[in-house]
Amino acid sequence: MTNRRRLEFHTEDQTPHKWSVSLTEEVFKIFFSQGTPILHKIFGGGSLFSPLLFGKFFDPSDAFPLWEFESDVLLSNLRSSGKTSVDWFRTDEAYVLKAELPGAEINSVRLYAENGKIVEISGQWKQQKESKAKDWRSGHWWEHGYVRRLELPEDADCRKIEGYLNNDIFLEVRIPKKTLDCDRDDTITKKSDPL
Numbered sequence: 001m002t003n004r005r006r007l008e009f010h011t012e013d014q015t016p017h018k019w020s021v022s023l024t025e026e027v028f029k030i031f032f033s034q035g036t037p038i039l040h041k042i043f044g045g046g047s048l049f050s051p052l053l054f055g056k057f058f059d060p061s062d063a064f065p066l067w068e069f070e071s072d073v074l075l076s077n078l079r080s081s082g083k084t085s086v087d088w089f090r091t092d093e094a095y096v097l098k099a100e101l102p103g104a105e106i107n108s109v110r111l112y113a114e115n116g117k118i119v120e121i122s123g124q125w126k127q128q129k130e131s132k133a134k135d136w137r138s139g140h141w142w143e144h145g146y147v148r149r150l151e152l153p154e155d156a157d158c159r160k161i162e163g164y165l166n167n168d169i170f171l172e173v174r175i176p177k178k179t180l181d182c183d184r185d186d187t188i189t190k191k192s193d194p195l
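Taken in order, the sequence shown gives residues 1 to 195; the numbers are from UniProt numbering.
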């Protein structure tokens, strides 16, 4: 039996300076080499939050135009080795993202829409010790959490995004496409032909 919980989707995030510190490839290599098994699950190859998910290094805090690419093409190397549980696709009605959230706690997963142009999936995997930073996302965020920011297609309706957590580890995000306003009058007034 599948346990399916709807996640709350936030449209406003008042955190200043979040994701202002970029994760570079050099910093990531050092950080990852000293990591714990949970860190390797969250940021390892095939994870939605891995900077190497798309075949070369890409900071997950930078918005990525995911739906401009086919998942079979972008993830072909990972799929052939069975190392990913990430998938995305589009239907006539919506854009869909599915991913396993390894090591993520249910209550830590947050979904945000930023200015109707970016969808953000983030969460904390390690509690922040007392520090001057008020929010873990304002500093070296990778030491405390994870993020994946994705550009929304122009026809995405960010007001109706839905997020679900299945069996406490499988994330599904559905982003409906905007519908044409069927109520407006599109009739064309014809000029009468001259006699």
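The beta carbon of each residue, even a glycine, is placed where N, CA and C say it ideally should be.
From a predicted model like this one, the values you see are computed outputs, not experimental measurements.
Report yes if the CB atom of residue i is closer than 7 Å to the CB atom of residue j, and no otherwise.
i	j	result
Glu25	Phe49	no
Pro51	Phe69	no
Asn3	Asn167	yes
Gly123	Trp136	no
Leu66	Trp142	no
Arg5	Leu165	yes
My understanding is that residue i touches residue j, with C-beta atoms under 8 Å, so please give their C-beta distance in whole angstroms.
i	j	result
Leu150	Val119	5 Å
Phe32	Phe43	6 Å
Could you check which residue in the options has the C-alpha nearest to that of residue i?
i	options	result
Lys160	Lys29, Glu93, Ser122, Phe28	Glu93
residue 227	Asp168, Leu97, Gly123	This structure cannot settle anything about residue 227, because the visible part of the chain is limited to 1 through 195.
Gly45	Ala63, Asp62, Asp13, Glu100	Glu100
Trp88	Asp72, Pro102, Ser80	Asp72
Ala113	Gly82, Gly35, Arg90, Ile175	Ile175
His40	Trp125, Leu152, Ala63, Arg90	Trp125
For residue i, collect the residues of the same chain with a Cβ closer than 6 Å to its Cβ; drop the 5 residues on either side in sequence, then sort them by chain order.
i	result
Arg148	Leu48, Phe49, Pro60, Ile121
Leu75	Thr84
Which residues share a DSSP beta bridge with residue i?
i	result
Phe9	Leu111
Ala156	Lys177
Note down, in chain order, each residue of its chain lying with its Cβ closer than 8 Å to the Cβ of residue i, except the 5 sequence neighbours on either side.
i	result
Leu111	Leu7, Glu8, Phe9, His10, Val119, Glu120, Ile121, Ile161, Gly163, Val173
Can you list, in chain order, the residues of its chain with a C-beta nearer than 7 Å to that of residue i? Leave out the 5 residues immediately preceding and following it.
i	result
Thr179	none
Lys18	Asp135, Arg137, Ser138
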